[in-house]
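Since the structure comes first, as structure tokens, the remarks are kept for the end.
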Amino acid sequence: MEDPITEAKKELIQWIKDMEELEDIAELMKIKSSMTSDGKVAETQPKYAVEDDFDERFAKGMSGEELMRRVYEHIESLPWKK
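Here the sequence shown is numbered in my numbering, starting from 35 and rising by one per residue.
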């Protein structure tokens, strides 16, 4: 069983091949030019500013001493069995 879209495309291709009227062909060319490539209508895309702020985020980050202090606090807060 063939895909219905493929079958419809084949019918349209044959119909266009059999066309003789210049006005009809011109109208199809208008439709084609109003579409973007790949048959999709173009949509505006929002622009996002992507910047690499790694150094800034790293400078604001936690120091090694702060990390170790928090690790020890967390370990001491665990319910250890004695």
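We put the CB at the ideal spot given by N, CA and C, even for glycine.
Helix or strand or just coil, what does DSSP make of residue i?
i, result
"Lys115", "coil"
"Gly98", "helix"
"Glu107", "helix"
"Asp86", "coil"
"Glu61", "helix"
"Glu121", "The chain is shown only over 35 to 116; residue 121 falls outside these bounds and no answer can be derived."
Quick one: what's got a C-beta closer than 7 Å to residue i's C-beta in the same chain, skipping five residues either side?
i, result
"Gln48", "none"
Is residue i near residue j, with beta carbons less than 9 Å apart?
i, j, result
"Ile59", "Ile50", "yes"
Ordered along the chain, which non-local residues of its own chain (more than five positions away) have a Cβ less than 6 Å from that of residue i?
i, result
"Asp87", "none"
"Gly95", "none"
"Trp114", "none"
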